[in-house]
Structures are given as C-alpha cells and as structure tokens.
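What follows is a set of notes on a single structure, which appears directly below.
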Amino acid sequence: MDDFLWRALIGGIGVALISGPLGAFIVWRRMAYFGDSLAHSGLMGVALGLLLGLDAGLGVLIVCIALALVLVLLQRQRQLATDTLLGMLSHTTLSLGLVALAFIETVRVDLVSYLFGDILSITPSELYWIWGGGLLVLGLMAWLWRPLLALTVHEDMARVEGVPVFWVRLGFMLLIAVVIALAMKIVGILLITSLLIIPAAAARCFARNPEQMAVLASGLGCCAVALGLWGSMQWDTPSGPSVVVAAAGLFILSQVWPQARRSR
Amino acid sequence: MMATEALLAVERVHLTLGRHPVLQDVSLQLKPGEVLTLIGLNGSGKTTLLRVILGLVAPDRGQVRLRPGTRIGYMPQKLPIEETLPLSVARFLTLSQRATRAQLRHVLVETGALAVLDSPLAALSGGELQRVLLAKALLREPDLLVLDEPVQSVDVAGQFELYDLLGRIRQRRGCAILMVSHDLHLVMPTTDWVICMNQHICCAGPPEIVSQHPAYRQLFGIDHGRVAVYHHHHHDHKHDTHGQVVKPEEPH
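Residue numbers (the working numbering), protein chains in the order written: chain A, 1 to 264; chain B, 1001 to 1252.
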C-alpha cells in the first residue's frame, strides 16, 4: 500500500475513534442539527484562515468555537426557537464563507475538498494534529462523561444533584467544535455530522449501556473508514462520500441483524 | 414545635414569567420531618414554586432559605425516556452519585421496585418508574424530599399505595417532604400541612381544615350539587358567592 493510503487510513481511524463517544451524545441529546450548523460554519473558518494567513484547520476551529459560544448565549433568549436560530446561523455562515472565498482572488481554493473532504491528501503533520487533538478530546470526554450523562437524562435533576450544568454543556459544545475542525479533512464540512451520528445510531441496537454504545460506535466508524477507503480505491469514487456511504451501509446492516432486535 | 428551627423558609417570593405573574407573595415554612403538600389547578404555580425552592429559577423578589447542610432528594414530575440511550435502572440510580450494589438493593426494597434493578429504564411501567425515581431521591439520604406530582401516570390503586409508601418513608427516615399534588383527598392521610395555591396562597393549614375552607372549595369547584367531582375536574365555569355554577354568558 502507498504511504498516502496509510496516512488516510490512520487519520480516518483517528477521527472515527473520537466520533464514537461524541456521536453517541449527539444522538442522545438530539443535537444532530447543532453539529451540522457548526460544521457549515467551518467554511467561514477556511476563509478566515486564508485571509489571516493561518492554517485552514485553525481558522475552522476558531469560527466553530465562536459559533458555539454565540449559540449558548442566544439560547438564553426565548423569542426564537433553537432550530430556527441554528438554521439561520448555519446557512448564513456557509454563505459568508463562500462569499469571502470569492473575494480572495490570489489563492485558488479547492472548494470541493473542503466541502466533501480530501482524505487522500492528509499530510504527516495533519496526522499529528488529528491524533494529538483526538487524544485530548477523548481525555476531556472521559472527564465529562458522568456529569454529561446525568444532565442528558434529566437536566433539572442533575442540577439539583450538584452537576455544574452550564459548564458541562458548554464544554461538550466546544469539544464538538474541535472534532469538526479535526474531521474536516476526512469527510468535509457537509458530511461531518454523518460520521458522528451514523455509527452511533448503528451501535444503538447492540449496546446494553452507554459506554458500550460509544465504544461500538467508534469501532463501526473505523470499519466505515476502512470500507469507504477500500471502495474509493476499488471504484475510483470520491473518498469522503464513500466513507459516509459505507457507514450508512453498516447502519442498514445493523437494522436487519437478527441479534439486534432481541438485545434492545 | 415552635422552637424547632425551620428546614426550609420561603419568604414573600414573587415571580413573573413573560407578562404573567406566576407567584405572588408566597411564603411558607417547613420543619424537619414534616410533610407539606401544595395543591392547586394546572398553571397555579405549584411546580414553579418547587423550581424556585430547588434553586432552578431565581425569584424576582423574596428569598428561599434552606438550613445549611440540608440534603435534597428531588423527584421530577416526568422523566422523558430517550429510547436511543441504553440505560439500566442500576445505572440510572448511580448517574450522579456512586453507590454499592447492596445500597441499590436496599433502597429499591424500600420503594418496592427491587425486581427491576437490572431492567432497561425504557421497559418500566409508569408505577415502576415512579418508584425508581423515588429510590434515586432517597439514595441521597435526604433531609428534604421534593416530589413533583409523585403519582403521575399511575393507576388509582397505585396512587394510594405510593402515598402510603411516602408516609412509611417519612416515619422510618424522619425526612421532611414537600410535594405537589392536585388531589387533596389522596394526600390527606399522608400530609401534615396543605397549601392551596392559585399564583398566591389561597388558604393553608392541616388537610381537614383546608378541605373545608371556602377558598379551596371554590377553587376546585366543589359544592355544586355533585359529590366527589374534585377529580379530573376542569375549572371551566364560574361560581357565584353561594358556590352555585353561573352559566357562561357566551358559548366558547
């Protein structure tokens, strides 16, 4: 196998491993739309990075974190429902990113690679980012695990029992922002949410407790990355979408798997 | 009795949500080991008052004082079950505090739900879920149990049993109980004090007194010919001063 293929596989697996536990919480907390909106704002981050001469990943990270903070603040007002807010912000930031990129004439931007990922062009330094950042995210996730689970089940009850709800929720949102910045290279900003939620959804029918579901989701995510890459090589298809199609295939398999029904 | 220091004191609490006054000048006291029930119709501010007491909502004016070191066990009105989250009862009980297997068994025996210790939360019946929620509150060894409609989605026989259980828990543990109900007659044997609410406090006292109080009887539309209409009764009509139902002027 060629070097770039190994890098693609190792990078993809790194992202899939983090996606498992975060994706499980996104499914439990019904935050798929939140993840999508945050990811869409990533394009603005790319533009910001290019304008300021920063790394695109860093730009995405800054914009995603800023947007997560704005959302937390906006959720405190009650005039607009959260999904309306998310819809507005998601498409406004995506469009702003596209408009800003059009202004940057000096640089030719490969838009498609940002939107749908470019896993085959991962550089060794990007690998360090993915694995270093990924391990950090996993560590923080382990630290937040119990309080986050408590507030997912019942927020008021968790608060009465002493969970610092606001900070835990904020921490989780920031972790999602980090994962989006890390995963952009793999599947692109339009497809990131699918890598987070499809493996978790597929893991649901086999899991008997929350931790099992997170670990299974990580495992299924890794399978999807490997299968997608293989398919992409085999049939010369775009790599990011191939990974998502593989994940969807695994989900469908999980639904018809005979053991899945019983263990619910 | 008067000498005992209050466990909980609510002093002249006001709260407005949006443009609607939800709590107006509400004061109450609860001493250690006492049972106090808030009753009122839907939207009368009972649950909001609980939330203020629990510190989940800050009042506009007034204050809530808890005796320092008071441990609260809280049982919410409803636990929305997220089907995608695989959670057993044992795991649910230990979400925000650790407990040994023996402690879990002990508290579930106390609430009569030992059989479901390892069942998935999503598979419980309404009554079982209430008993598990109660067990979770008890696991904290509370000085004060705060229960929001503890018999929700439980059949009538089960409701009596649950209130009976609360009475035994209070006797055994000596903890104070503050609960919300919309049925005075069900809680009568269990509660020491009743506060009848409709944004403000309409009347308060021991249950026998409140059940005879004109403000309570008017609020719940008792005294108009039929007996025992307090249950599932919608207050969609007006009364005159004698408690007779006044016909609405216009059909809605």
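Here a beta-carbon is modelled for each residue, glycine too, at the ideal position from N, C-alpha and C.
Determine the chain A residues that contact residue i at a beta-carbon separation under 8 Å, and present them in chain order.
i: residue 1097 of chain B; result: 161
i: residue 1036 of chain B; result: Within 8 Å Cβ-Cβ: nothing; residue 1036 of chain B doesn't reach chain A, min ~18 Å.
Since residue i and residue j are thought to touch, with beta carbons under 8 Å apart, how far apart are those beta carbons, to the nearest angstrom?
i: residue 1152 of chain B; j: residue 1078 of chain B; result: 6 Å
i: residue 250 of chain A; j: residue 202 of chain A; result: 5 Å
i: residue 1216 of chain B; j: residue 1190 of chain B; result: No, residue 1216 of chain B and residue 1190 of chain B are not in contact; Cβ-Cβ is about 17 Å, not under 8 Å.
i: residue 40 of chain A; j: residue 113 of chain A; result: Contact doesn't hold; Cβ gap of about 16 Å is too wide.
i: residue 1092 of chain B; j: residue 153 of chain A; result: 7 Å
To the nearest angstrom, how far is the alpha carbon of residue i from that of residue j?
i: residue 103 of chain A; j: residue 94 of chain A; result: 15 Å
i: residue 62 of chain A; j: residue 185 of chain A; result: 16 Å
i: residue 1201 of chain B; j: residue 1070 of chain B; result: 25 Å
i: residue 245 of chain A; j: residue 1053 of chain B; result: 51 Å
i: residue 8 of chain A; j: residue 92 of chain A; result: 31 Å
i: residue 38 of chain A; j: residue 1082 of chain B; result: 24 Å
i: residue 52 of chain A; j: residue 206 of chain A; result: 46 Å
i: residue 1138 of chain B; j: residue 1073 of chain B; result: 6 Å
i: residue 3 of chain A; j: residue 12 of chain A; result: 14 Å
i: residue 15 of chain A; j: residue 1174 of chain B; result: 53 Å
i: residue 1167 of chain B; j: residue 210 of chain A; result: 35 Å
i: residue 1158 of chain B; j: residue 23 of chain A; result: 39 Å
i: residue 1063 of chain B; j: residue 54 of chain A; result: 52 Å
i: residue 44 of chain A; j: residue 64 of chain A; result: 9 Å
i: residue 101 of chain A; j: residue 231 of chain A; result: 32 Å
i: residue 109 of chain A; j: residue 98 of chain A; result: 11 Å
i: residue 1219 of chain B; j: residue 1205 of chain B; result: 16 Å
i: residue 159 of chain A; j: residue 57 of chain A; result: 35 Å
i: residue 204 of chain A; j: residue 85 of chain A; result: 29 Å
i: residue 1025 of chain B; j: residue 1199 of chain B; result: 9 Å
i: residue 226 of chain A; j: residue 72 of chain A; result: 36 Å
i: residue 1148 of chain B; j: residue 1050 of chain B; result: 8 Å
i: residue 26 of chain A; j: residue 1221 of chain B; result: 47 Å
i: residue 1023 of chain B; j: residue 1171 of chain B; result: 32 Å
i: residue 1154 of chain B; j: residue 1133 of chain B; result: 13 Å
i: residue 1239 of chain B; j: residue 1156 of chain B; result: Low per-residue confidence applies at residue 1239 of chain B: pLDDT is 42, beneath 50, and the placement is therefore not dependable, though the value from the model is reported in the following sentence. Cα-Cα distance, rounded: 29 Å.
i: residue 1035 of chain B; j: residue 1075 of chain B; result: 15 Å
i: residue 252 of chain A; j: residue 121 of chain A; result: 30 Å
i: residue 1244 of chain B; j: residue 170 of chain A; result: A caution first: residue 1244 of chain B carries a pLDDT of 45, below 50, which makes its placement in the model too unreliable to give a value.
i: residue 254 of chain A; j: residue 161 of chain A; result: 37 Å
i: residue 115 of chain A; j: residue 163 of chain A; result: 38 Å
i: residue 1106 of chain B; j: residue 242 of chain A; result: 52 Å
Taking residue i as the reference, which of the options has the closest Cα?
i: residue 50 of chain A; options: A:143, A:159, A:111; result: A:111
i: residue 1009 of chain B; options: B:1022, B:1032, B:1024, B:1015; result: B:1032
i: residue 149 of chain A; options: A:131, A:125, A:214; result: A:214
i: residue 1208 of chain B; options: B:1221, B:1223, B:1185, B:1169; result: B:1185
i: residue 1180 of chain B; options: B:1048, B:1022, B:1016, B:1029; result: B:1048
i: residue 1150 of chain B; options: B:1171, B:1178, B:1013; result: B:1178
i: residue 189 of chain A; options: A:138, A:36, A:27, A:198; result: A:36
i: residue 248 of chain A; options: A:238, A:237, A:198, A:226; result: A:198
i: residue 1086 of chain B; options: A:242, A:208, A:252, A:227; result: A:208
i: residue 1084 of chain B; options: A:257, A:30, A:242; result: A:30
i: residue 1094 of chain B; options: A:132, A:147, A:136; result: A:147
i: residue 79 of chain A; options: B:1211, B:1011, B:1146, B:1018; result: B:1018
i: residue 1068 of chain B; options: B:1118, B:1161, B:1005; result: B:1005
i: residue 21 of chain A; options: A:126, A:239, A:219, A:229; result: A:219
Are the beta-carbon atoms of residue i and residue j separated by less than 8 Å?
i: residue 1044 of chain B; j: residue 1188 of chain B; result: no
i: residue 134 of chain A; j: residue 191 of chain A; result: no
i: residue 1121 of chain B; j: residue 1114 of chain B; result: no
i: residue 222 of chain A; j: residue 5 of chain A; result: no
i: residue 1135 of chain B; j: residue 1111 of chain B; result: yes
i: residue 1140 of chain B; j: residue 1097 of chain B; result: yes
i: residue 193 of chain A; j: residue 32 of chain A; result: yes
i: residue 1061 of chain B; j: residue 1020 of chain B; result: no
i: residue 182 of chain A; j: residue 143 of chain A; result: no
i: residue 168 of chain A; j: residue 155 of chain A; result: no
i: residue 180 of chain A; j: residue 60 of chain A; result: yes
i: residue 1182 of chain B; j: residue 1041 of chain B; result: yes
i: residue 1143 of chain B; j: residue 1030 of chain B; result: no
i: residue 1028 of chain B; j: residue 1195 of chain B; result: yes
i: residue 173 of chain A; j: residue 68 of chain A; result: yes
Residue i versus chain A: which residues are under 9 Å apart at the beta carbon?
i: residue 1053 of chain B; result: Correct list: empty, because the minimum Cβ distance to chain A is about 10 Å.
i: residue 1172 of chain B; result: Correct list: empty, because the minimum Cβ distance to chain A is about 22 Å.
i: residue 1092 of chain B; result: 153
i: residue 1079 of chain B; result: 153, 154, 157
Under 7 Å between beta-carbons, which chain B residues line up against residue i? List them in chain order, please.
i: residue 82 of chain A; result: Per Cβ cutoff of 7 Å: no residues; residue 82 of chain A is ~16 Å from chain B at best.
Counting only Cβ pairs nearer than 7 Å, list the residues of chain A close to residue i.
i: residue 1072 of chain B; result: 160
i: residue 1082 of chain B; result: 28
i: residue 1056 of chain B; result: 156, 159
Can you find a C-beta in chain D that's less than 8 Å from the C-beta of residue i?
i: residue 1189 of chain B; result: Among the protein chains of the structure shown, namely A and B, there is no chain D.
Strictly below 8 Å CB to CB, what residues from chain B border residue i?
i: residue 210 of chain A; result: 1085, 1086, 1087, 1091
For the ligand ZN, is there a heavy atom less than 7 Å away from the beta-carbon of residue i?
i: residue 212 of chain A; result: Only the bare structure without any ligand can be found here, which leaves the ligand ZN out of the picture.
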